[in-house]
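Here the working numbering is used: position 116 in the sequence shown is 98, and no number is missing along the way. Encoded as structure tokens, the structure appears first; notes follow it.
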Amino acid sequence: MSELHIAQVNIARMKEPLDSPVMAGFVARLEEINALADGSPGFVWRLQTGEGNATYLRPYDDERILFNLSVWKDIESLKQYVYRTAHAELLRDRRSWFDQFAGASVALWWVPAGHIPSIDEAKERLAHLEAHGATEFAFTFKSLTASASGGAARPPALRA
């Protein structure tokens, strides 16, 4: 069996443009939080421009949507980074900077080790999650927790 990693995409709609004073607290922490991800156990890759982040990429027509895409060795490493590091502080404060998002804003999916997902692939996973709910094709942390049998938490090849 080939090794699988976990890809994640998340999007958020800023309350104001990135250079607005409203966004200053978020922008001030970007370098720190990205460096934390880069150095976290299980981190594999993240989408970034020459500036070291993906903040200025705009894959959607809405100029205020920020796009984050990364790959991790396993779900536990990703969860550790998201919920048990300084990143969790940004999650707690997100309503200061971001509007409530009406649709799917986070999607997870399995990728073969070495695969780097494209922006279009990530957008497709989010759209699929929005249209069909959690499946093997795209799922969420919440759907993993709700699944008594492990469901999408385990790679498809490991399911009984």
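Where is the CB? At the ideal position from N, CA and C, for every residue including glycine.
Boundaries of the beta strand (DSSP E) around histidine -13: -14 to -5. In this chain, the beta strand (DSSP E) harbouring leucine 51 covers 47 to 54.
Nearest neighbour of glycine 85 by Cα position, chosen from Lys105, Ser2, Trp91, Lys55, turns out to be Lys105.
When the beta-carbon positions are compared, arginine -5 and arginine 28 stay at least 7 Å from each other.
A buried status is given to isoleucine 57, since no fewer than 16 other beta-carbon atoms sit within 10 Å of its beta-carbon.
Remark: C-beta atoms of asparagine 35 and leucine 12 approach each other more closely than 7 Å. Collapsing the DSSP output to three states places alanine 95 in coil.
Here the region 96 to 103 does not lie against the region 64 to 77, with fewer than 3 beta-carbon pairs under 8 Å apart.
Beta-carbon to beta-carbon, leucine 90 and phenylalanine 121 are separated by about 5 Å, close enough to satisfy the 8 Å threshold.
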